[in-house]
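*Asks:* After the structure tokens below, expect a handful of questions from me.
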Ligand code: AMP
Ligand code: GLY
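Residue numbers (my numbering): 81 to 526.
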């Protein structure tokens with residue numbers, strides 16, 4: 081048997097657990113901060129175990145895992161990687177398929193990621209500056225006439241970045257938020273990354289990395305803004321889609337290849353700089369612009385929701401891929417079903433401002449299964465057989481089909497099979513929204 085340890089408990093981790101457990105030799109062991117009912121059920125079904133504890137405490141995770149004869153571990157969320165859980169597990173002799181703390185720095189230190197790109201001359205890096213002094217930050221903003229994105233340096237759960245014209249109405253608002261980041265040490269440090277605002281369409285490219293080779297997954301487009309029509313505040317991501325050929329309706333093969341080259345250069349640069357290998361999932365967030373794909377950021381993990389799109393379609397054995405990532409023997413091992421996927425996140429009423437919590441959800445699981453849809457639990461809990469909401473995203477609902485639009489209809493129908501005080505973005509994956517994206521890129525590139 082293969083005793084696999086997963087650290088984390090969101091919908092992304094539910095999708096990882098689900099994919100790993102398709103290998104019938106795997107016993108799932110999960111260390112969670114709260115009981116994800118989907119992951120817990122997979123632990124039971126595979127004759128594994130789970131426990132609830134502080135996933136950010138490397139010592140606590142190691143202590144629990146040490147007696148479980150773990151053959152491979154996958155610490156998943158960003159803050160867990162930053163806390164050095166991978167490092168601690170490896171020190172205790174438990175092999176991991178995730179980045180050590182220093183490698184995950186490409187995510188938890190936005191200044192580091194930009195400097196790596198600049199120092200190694202990697203294409204796709206926007207104009208940027210790293211500032212500790214208010215006056216210098218202000219000078220940079222004025223030099224770009226306020227057309228700037230303000231980024232706290234550290235992790236903020238995807239909610240600290242603010243963009244001119246979206247969250248910040250004018251040059252003064254940009255300057256004021258940059259100063260706020262410095263004064264309130266948003267992101268954990270009195271430092272701010274300011275960069276030129278790029279214009280284009282965003283896409284996600286995820287890859288398995290063994291430190292030298294990357295094995296790429298289908299492209300995905302996430303939807304970060306809360307409301308229909310890309311309005312409202314930032315969220316962790318409201319939903320996402322992928323296309324049957326692994327590209328996106330507005331991204332060509334050639335543009336995708338450029339993004340892949342950038343990611344290969346990043347892991348090579350990381351090795352040159354540190355002497356270490358980047359092992360784990362590398363997530364590239366790109367903006368397709370007039371100049372080609374530009375890098376918005378790197379993450380050291382799967383995306384959430386993007387993991388649900390790609391892992392639902394993964395035909396290869398995920399446990400086997402993780403093993404090869406760890407041992408440095410990764411080739412072109414990942415095969416995906418040639419289907420489109422659409423994920424819609426059901427979120428609590430009031431999310432992301434002030435969620436209504438502890439609301440029961442009625443789930444017609446039969447109807448969901450019959451339509452070929454799938455669901456992954458996120459921030460919910462189970463009491464006496466009933467699922468209740470918490471303050472974060474509740475359930476990721478997935479539809480699949482020959483096209484994005486077919487998959488969208490299935491996802492939408494499945495959302496209707498879950499009732500309670502939750503809502504979702506109905507426009508994700510619809511023809512109208514996808515065509516808007518295509519027209520945007522056509523206009524930009526013409
Ligand atoms: P991040 O946390 O870095 O992914 O940023 C959150 C969101 O801010 C991204 O998904 C983009 O929509 C936006 N963003 C970040 N950097 C830029 C940039 N340089 N230009 C335009 N938008 C950006
Ligand atoms: N979907 C965005 C992220 O996982 O960071």
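Glycine residues also receive a C-beta, built at the ideal position from the N, C-alpha and C atoms. Bear in mind the structure is a predicted one, so any value in this text is a computation, not a measurement.
#1: Using a Cβ-Cβ distance under 8 angstroms, would residue 248 count as near chain B?
#2: Can the beta-carbon of residue 391 be found less than 8 angstroms from the beta-carbon of residue 498?
#3: Under 8 angstroms between the Cβ atoms of residue 555 and residue 361?
#4: The beta strand (DSSP E) with residue 305 in it runs from where to where?
#5: What residues are listed by DSSP as bridge partners for residue 31?
#6: Short of 8 angstroms in beta carbon distance, which residues of its chain neighbour residue 191, apart from the five on each side in sequence? Order them along the chain.
#7: Could you name each continuous alpha helix (DSSP H) segment of 4 residues or more that falls completely within the stretch 274-357, going from the start of the chain to the end?
#8: When the distance is taken between beta carbons, is residue 469 closer than 8 angstroms to residue 439?
#9: Buried or exposed, going by whether 16 or more other CB atoms sit within 10 Å of the CB of residue 332?
#10: Grab me the residues of residue 508's own chain with a C-beta within less than 6 angstroms of its C-beta, minus the 5 sequence neighbours each way, in chain order.
#11: Would you list the residues sitting across from residue 457 in a DSSP beta bridge?
#12: May I have the straight-line CA-CA distance separating residue 370 from residue 521, to the nearest angstrom?
#13: For a test of the three-state rule: what should DSSP assign to residue 206, helix, strand or coil?
#14: With a threshold of 8 angstroms on Cβ separation, who are the neighbours of residue 235 within its own chain once the five nearest residues in sequence on each side are excluded?
#15: Can you grab the Cα-Cα spacing for the pair residue 365 / residue 106, in whole Å?
#16: Contact between the stretch 137-156 and the stretch 166-173 is defined here as three or more beta-carbon pairs at a separation below 8 angstroms; is this criterion met?
#17: Does the beta carbon of residue 179 fall short of 7 angstroms from some heavy atom of the ligand GLY?
#18: Span of the beta strand (DSSP E) holding residue 379?
#19: Look up residue 43 in the DSSP assignment and say whether it is helix, strand or coil.
#20: Which residue's Cα is closest to the Cα of residue 133: 112, 414, 487?
#21: Let me have the residue list for the ligand GLY: C-beta closer than 5 angstroms to any non-hydrogen atom, ordered along the chain.
#22: Name the DSSP beta bridge partners of residue 155, please?
#23: Would you mind stating whether residue 251 and residue 226 have Cβ atoms separated by less than 8 angstroms?
#24: Mind the definition here: the stretch 479-488 touches the stretch 315-329 only if three or more C-beta pairs lie below 8 angstroms; say whether that holds.
#25: Look at residue 435 and residue 471 and say whether their C-beta atoms are less than 8 angstroms apart.
#26: Sorry if obvious, but does the Cβ on residue 323 come closer than 7 angstroms to a heavy atom of the ligand AMP?
#27: In terms of DSSP beta bridges, what is residue 365 paired with?
#28: Give the secondary structure of residue 441 by DSSP, where H, G and I count as helix, E and B as strand, and everything else as coil.
#29: When the distance is taken between beta carbons, is residue 409 closer than 8 angstroms to residue 395?
#30: Would you kindly work out how many angstroms separate the C-alpha atoms of residue 201 and residue 208, rounded to a whole number?
*Replies:* Working from what's here:
#1: Of the chains in the structure shown, none is chain B; there is only one protein chain.
#2: On the chain shown, position 311 is the one that residue 391 refers to. On the chain shown, position 418 is the one that residue 498 refers to. In this structure, residue 498 does not lie closer than 8 angstroms to residue 391 by Cβ.
#3: Here the chain covers residues 81 to 526 and nothing more, so residue 555 does not appear.
#4: Position 225 of the chain shown holds residue 305. From DSSP, the beta strand (DSSP E) with residue 305 extends over 305-307.
#5: Beyond the ends of the chain as shown, which are 81 and 526, falls residue 31; an answer cannot be given.
#6: The residue you call residue 191 lines up with position 111 of the chain shown. Leaving aside the five residues that flank residue 191 on each side, the residues in its chain whose CB is nearer than 8 angstroms to its CB run, in chain order, 210, 233, 271, 273.
#7: 333-354
#8: To locate residue 439, count along the chain shown from 1; it is residue 359. To locate residue 469, count along the chain shown from 1; it is residue 389. Contact: yes.
#9: Here residue 332 corresponds to residue number 252 of the chain shown, with the count starting at 1. Residue 332 is exposed by the Cβ-count criterion.
#10: The count along the chain shown starts at 1 and reaches residue 508 at position 428. Once the five neighbours on either side are set aside, the close Cβ partners of residue 508 are 303, 319, 424.
#11: Within the chain shown, residue 457 is the residue found at index 377, counting from 1. The partner list for residue 457 (beta bridge, DSSP) reads 475.
#12: Within the chain shown, numbered from 1, the residue matching residue 370 stands at position 290. Within the chain shown, numbered from 1, the residue matching residue 521 stands at position 441. The alpha-carbon atoms of residue 370 and residue 521 are separated by roughly 8 angstroms.
#13: Here residue 206 refers to the residue found at position 126 when the chain shown is read from its first residue. Annotated three-state conformation of residue 206 is coil, per DSSP.
#14: Position 155 of the chain shown holds residue 235. Within the same chain, residue 235 has close Cβ partners 158, 159, 162, 187, 188, 267, 268.
#15: Taking the first residue of the chain shown as position 1, residue 365 is located at position 285. Taking the first residue of the chain shown as position 1, residue 106 is located at position 26. Roughly 31 angstroms separates the two Cα atoms.
#16: The answer is yes - the stretch 166-173 touches the stretch 137-156, with three or more Cβ pairs under 8 angstroms.
#17: To locate residue 179, count along the chain shown from 1; it is residue 99. Flag unset: Cβ of residue 179 not near the ligand GLY.
#18: Within the chain shown, the letter at position 299 stands for residue 379. Following the DSSP letters along the chain, one finds residue 379 inside the beta strand (DSSP E) bounded by residues 372-379.
#19: Outside the shown range of the chain, which is 81 to 526, sits residue 43, and nothing can be said about it.
#20: By one-based count along the chain shown, residue 133 stands at place 53. Ranking the options by Cα distance to residue 133, first place goes to 112.
#21: 302, 317, 383, 384
#22: Here residue 155 corresponds to residue number 75 of the chain shown, with the count starting at 1. Beta-bridge pairing links residue 155 to 87.
#23: Reading the chain shown from its first residue, position 171 is the one you call residue 251. Reading the chain shown from its first residue, position 146 is the one you call residue 226. Yes, Cβ-Cβ distance for residue 251 and residue 226 is below 8 angstroms.
#24: yes
#25: If you number the chain shown from 1, residue 435 lands on position 355. If you number the chain shown from 1, residue 471 lands on position 391. Result yes, Cβ atoms of residue 435 and residue 471 sit closer than 8 angstroms.
#26: As a first step, residue 323 must be located in the chain shown, where it is residue number 243. Because no heavy atom of the ligand AMP lies under 7 angstroms away, the Cβ of residue 323 does not count as near it: no.
#27: Within the chain shown, numbered from 1, the residue matching residue 365 stands at position 285. Answer is 284, 377, bridged to residue 365.
#28: The residue given as residue 441 occupies position 361 in the chain shown. Note: residue 441 maps to strand in three-state DSSP.
#29: In the chain shown, the residue the question calls residue 395 occupies position 315. In the chain shown, the residue the question calls residue 409 occupies position 329. No.
#30: Here residue 201 refers to the residue found at position 121 when the chain shown is read from its first residue. Here residue 208 refers to the residue found at position 128 when the chain shown is read from its first residue. So the two alpha carbons sit approximately 14 angstroms from each other.
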